[in-house]
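J.: Okay, so the sequence shown: first residue is 431 according to my numbering, each after it adds one.
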Amino acid sequence: MNGPSEAYTAICQRFARWLVSERCAEPGDWIVSRGGSPESAQLVMEPVWVEKGVVVVPRLERLLSELSRECTSFVLDFTSHEYACVAFDEQGRTLANVVASDPAAAVAQALVFIRAERAAQATNEPGAGTH
Numbered sequence: 431m432n433g434p435s436e437a438y439t440a441i442c443q444r445f446a447r448w449l450v451s452e453r454c455a456e457p458g459d460w461i462v463s464r465g466g467s468p469e470s471a472q473l474v475m476e477p478v479w480v481e482k483g484v485v486v487v488p489r490l491e492r493l494l495s496e497l498s499r500e501c502t503s504f505v506l507d508f509t510s511h512e513y514a515c516v517a518f519d520e521q522g523r524t525l526a527n528v529v530a531s532d533p534a535a536a537v538a539q540a541l542v543f544i545r546a547e548r549a550a551q552a553t554n555e556p557g558a559g560t561h
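1. With distance defined between alpha-carbon atoms, name the residue in E512, R548, S510 nearest to A526.
2. Put N527 into one of helix, strand or coil per three-state DSSP.
3. Who does Y513 pair with in a DSSP beta bridge?
4. Answer yes or no: do T502 and E520 have a C-beta to C-beta separation smaller than 8 angstroms?
5. Can you tell me which of the three DSSP states P556 falls into?
6. Buried or exposed: E452, going by 16 or more other Cβ atoms within 10 Å of its Cβ?
7. I need the straight-line Cα distance from T560 to T553, nearest angstrom please.
8. Taking DSSP as the reference, what is the three-state secondary structure of Q551?
9. Figure out for me which residue from A534, E456, Q551 has the closest Cα to the Cα of C442.
So this is what it looks like as structure tokens:
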């Protein structure tokens, strides 16, 4: 069975907090040590809590579920040897528009972008961070 791509593993290692809110790997996810290569990733067959220094590399279906909670609709497309993921809000405005070499990397980048933007907006709202 093929493991996660190098590009996708790198995204997960860099942006772990934006992809998986819990430190739990579910069946079908991969886990890899921080800085580890895709070849060292281990497939998870049952739910497992991961310790610090270990990164969850979610399976594509888990990412798609997470993305569907963050936007009203999205499109995952394959054209010219690249995957594009475009996510929209309820007014049809684009929330994310990314291109990657594999579908999981494209969806992960879109999810990271949306969650990071929302977090930045929340900290910039009047009264944010004050008691």
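From the three backbone atoms N, C-alpha and C, an ideal C-beta is built for every residue, glycine too.
Remember, predicted model here, so these are calculated numbers, not experimental data.
T.: The answer reads as follows:
1. As a position in the sequence shown, residue 526 is number 96, starting the count at 1. The residue with the shortest Cα to Cα distance from A526 is R548.
2. As a first step, residue 527 is located in the sequence shown; it is residue number 97 there, counting from the start. Looking at N527 - three-state DSSP - the assignment turns out to be strand.
3. Working through the sequence shown from its first residue, we reach residue 513 at position 83. Partner(s): F508, A530.
4. Here residue 502 corresponds to residue number 72 of the sequence shown, with the count starting at 1. Here residue 520 corresponds to residue number 90 of the sequence shown, with the count starting at 1. Yes. Within cutoff.
5. Position 126 of the sequence shown, counted from the start, is the residue given in the question as residue 556. Coil at P556, not helix or strand.
6. By 1-based counting over the sequence shown, the position of residue 452 is 22. Looking at its Cβ environment, which holds fewer than 16 other Cβ atoms inside 10 Å, E452 is exposed.
7. To locate residue 560, count along the sequence shown from 1; it is residue 130. To locate residue 553, count along the sequence shown from 1; it is residue 123. Residue placement at T560 is flagged as unreliable, the pLDDT there being 49, under the threshold of 50; a coordinate-derived value is accordingly withheld.
8. By one-based count along the sequence shown, residue 551 stands at place 121. Helix.
9. In the sequence shown, the residue the question calls residue 442 occupies position 12. With distances taken between Cα atoms, C442 lies closest to A534.
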